[in-house]
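Numbering (the working numbering), first residue to last: 5 to 71. Just so it is clear, CB atoms sit at the ideal spot from N, CA and C, and this is done for glycine as well.
Next up, the structure:
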């Protein structure tokens, strides 16, 4: 899944358990912009919830490569 550098930053903060508001403050962007990035990540990951997005990301990190 291709993600932009900003989406990667947002995903990293989601993995730390931050809320949209906290992410916005951390990155000095609006909450609406965070929401847009999260929505893009959900769409690209083909999942519906933040929890599914995080689980999907973590599974990719620990899954052995398929041959």
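- The three-state reading of DSSP puts residue 42 in helix, counting H, G and I together.
- Residue state for residue 21 is assigned as coil, using DSSP reduced to three classes.
- Residue nearest to residue 38 within the set 25, 7 and 50 is 25 (criterion: CA-CA distance).
- Each residue's CA atom was taken as its position, placing residue 50 and residue 5 some 10 Å apart.
- Of all alpha-carbon atoms in 15, 9 and 10, the one lying nearest the alpha-carbon of residue 46 is that of 15.
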